[in-house]
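Residue numbers (full-length UniProt numbering): 1 to 337. Even glycine gets a Cβ: it sits at the ideal position worked out from N, Cα and C. Remarks on the structure that follows.
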Ligand code: NAD
Ligand code: UFG
């Protein structure tokens, strides 16, 4: 039996495929390479000393899914494939709903047709919406999202909940990620954004390597200890391990459930810059800019439920996140290219 990983050539997907191969699982990766390189899977296979099956294809392509389920014995699906840029989603809402929501619907329909019932989904802390009190805990209502991206994740969680109510065989876990950063400790795989990075750590790393001049810090006048936004950063390898724990948990559970995957502590933008400087020995030029539309001042996870039920917790701190980001970026100044 194999695990199907959609979006498995991407940032979080590649680290999860590596962790699965390392523990001996068979893996089929489905990725349309829209935001990834085939090279990431080559490197994963080299690190693991084991091959994955790679299918270049789209979750929107029903025929491709049918053929995939017919030709491989799939036990479970981990569904990463999505568009993920919050700002872009406000300009391209139809593309985001089509890729994320329709893509998931088609995947679930073809899973049902093939009799595959185990499903892990990449959700996000954004499903808690703008007014949720911190720390975010799973008992809070979800919704009130502020971008088509966030709404697409919220809608998919509702679809999972309703499908699990209607179909007793369907077992599903939504993992609500906080802010994934870092890279595999080998420095062989990591985050490789196309164009100018949207996210903080890839931006800082590209300033350090000299690809970008200066970081803009979005807002220095928030009601936070140093005036900059606070986020719950989580090492991508800890996050990948959370998927393995969630897969194990599916065997002992029914229905749909959501878990926060975060470290439970907020770090400010300025703290992140300082930590990166310490890890890399580089000075990061920055200037305070106006606030970015849609940013929330501060949020972090209450991760007690995942600690208790999934037996999962973060084991890597800010120092490892920075060390591994820098190792990846300095060994691969141009990413996978
Ligand atoms: P990523 O862009 O690196 O990975 C997504 C992968 O999916 C890419 O390899 C892309 O080529 C592929 N893909 C996209 N649409 C596809 C389609 N229709 N068919 C097949 N493949 C497709 O992003 P990531 O950071 O690894 O994120 C993985 C998942 O985690 C996404 O669902 C994202 O929304 C979610 N998430 C990410 C973050 C974050 O900050 N990185 C935070 C919360 C949730
Ligand atoms: N930031 C800057 N300058 C930059 C980029 C970011 O100051 O150039 C700041 C932002 O204002 C924010 C913090 O750094 O305060 C983190 O920003 P990111 O863009 O890295 O991350 P977000 O918290 O905005 O969003 C991320 C993912 C979403 C996900 C969300 C919650 O991009 O997909 O975390 O998990 F939904």
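The alpha-carbon separation between residue 80 and residue 89 amounts to approximately 17 Å.
Runs of the alpha helix (DSSP H) lying entirely within the stretch 145-215 and spanning at least 4 residues, in chain order: 148-166 and 200-208. DSSP, read as helix, strand or coil, puts residue 36 in coil.
Comparing C-alpha distances from residue 38 to each of 189, 62, 161 and 253 shows the shortest one belongs to 189.
With a beta-carbon spacing of about 5 Å, residue 298 and residue 224 fall inside the 8 Å limit used to define contacts. Residue 96 is positioned such that its CB atom lies closer than 7 Å to that of residue 148. As a beta-bridge residue in DSSP terms, residue 255 pairs with 171. As the crow flies, the alpha-carbon of residue 289 is around 48 Å from that of residue 251. The criterion of a C-beta distance shorter than 7 Å is not satisfied by residue 122 and residue 176. In the DSSP assignment, the residues bridged to residue 79 are 6 and 121. Of the residues assessed, residue 102 falls on the exposed side of the cut-off, its CB having fewer than 16 other CB atoms within 10 angstroms. In this chain, the beta strand (DSSP E) harbouring residue 31 covers 26-31. Residue 308 counts as exposed, since fewer than 16 other C-beta atoms from the protein chains shown sit within 10 angstroms of its C-beta. Cβ atoms of residue 324 and residue 182 come within 8 Å of each other, at about 5 Å.
Taking C-alpha positions only, residue 312 is separated from residue 306 by approximately 6 Å.
Residue 72 carries a coil assignment under DSSP once its states are collapsed to helix, strand and coil.
Bounds of any alpha helix (DSSP H) do not take in residue 84, whose DSSP letter is neither H nor E. Taking the Cα positions, residue 327 is about 27 Å away from residue 301. In this structure, the CA atom of residue 172 is about 6 Å from the CA atom of residue 255. Look at residue 142 here: in three-state DSSP terms it is coil, with no helix or strand label. Checking the DSSP bridge columns, you'll see residue 136 partnered with 301. The stretch 148-161 makes no contact with the stretch 210-222: fewer than 3 CB pairs, one atom from each, lie closer than 8 Å.
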